[in-house]
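Numbering (the UniProt record's numbering), first residue to last: 1 to 172.
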């Protein structure tokens, strides 16, 4: 178990899940933005953590993605111990300043990485896979990226060949 010295919050985890779900399912940003009464640019700022996520926006985004908010929250509940044990993240229940959120910059790196651009959505292991009773055998791609330095290097270099074996080395 990693020492919990890195900070993040629930909103960051929800944004990670919703953004990945939208991209994985080929749902255009404009569709989700319309469901919350915002422009795609405004949604992009929310997804990247530049603008705050509030409850109304969460419910609207879930509506635009055709998932229930409880589904998103159930995924987040499973992410918390993974990020704590594998990555050393402490998930705050209070708002933290954007500069104090250690996870959001890494999430943005993940979505902008070379590996994310070249790997096909059918090759990802999505975050919602952790709701599957067999998830212990396969780790979601985003969690590997955020907590495993060797996997991150492989992914950032274009995800060519086989991924490295699962390592519990923290990125901190």
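Beta carbons: idealized from backbone N, C-alpha and C, even for Gly.
These figures come from a predicted structure and were not determined experimentally.
Would you mind sorting residue i into buried or exposed? The rule is 16 or more other CB atoms within 10 Å of its CB.
i: residue 95; result: exposed
i: residue 200; result: Absent from the structure is residue 200, since the part of the chain shown begins at 1 and ends at 172.
i: residue 137; result: exposed
i: residue 87; result: buried
i: residue 25; result: exposed
Which first and last residues belong to the beta strand (DSSP E) in which residue i is found?
i: residue 32; result: Unbroken run through residue 32 is the alpha helix (DSSP H), 29-35; no beta strand (DSSP E).
i: residue 91; result: 89-92
i: residue 8; result: 6-9
What is the rounded straight-line gap between the Cα of residue i and the Cα of residue j?
i: residue 7; j: residue 28; result: 30 Å
i: residue 73; j: residue 38; result: 23 Å
i: residue 32; j: residue 43; result: 8 Å
i: residue 154; j: residue 113; result: 11 Å
i: residue 156; j: residue 85; result: 23 Å
i: residue 80; j: residue 91; result: 7 Å
i: residue 148; j: residue 64; result: 32 Å
i: residue 133; j: residue 78; result: 12 Å
Just to confirm before moving on: does the CB-CB distance between residue i and residue j stay below 9 Å?
i: residue 127; j: residue 143; result: yes
i: residue 17; j: residue 76; result: yes
i: residue 176; j: residue 35; result: As shown, the chain starts at 1 and ends at 172. That puts residue 176 outside it, with no answer to give.
i: residue 125; j: residue 139; result: yes
i: residue 49; j: residue 107; result: yes
i: residue 70; j: residue 9; result: no
Name the residue from the options whose alpha carbon lies nearest to the alpha carbon of residue i.
i: residue 14; options: 55, 25 and 115; result: 55
i: residue 116; options: 129, 100, 141 and 93; result: 141
i: residue 51; options: 65, 82 and 99; result: 99
i: residue 19; options: 47, 133 and 57; result: 47
i: residue 21; options: 150, 68, 109 and 137; result: 68
i: residue 12; options: 24, 162, 30 and 58; result: 58
i: residue 123; options: 162, 83, 5 and 66; result: 162
i: residue 82; options: 30, 111, 146 and 71; result: 146
Taking the continuous alpha helix (DSSP H) assigned at residue i, which residues delimit it?
i: residue 61; result: 55-65
i: residue 150; result: 149-156
i: residue 42; result: 40-47
i: residue 117; result: 114-118
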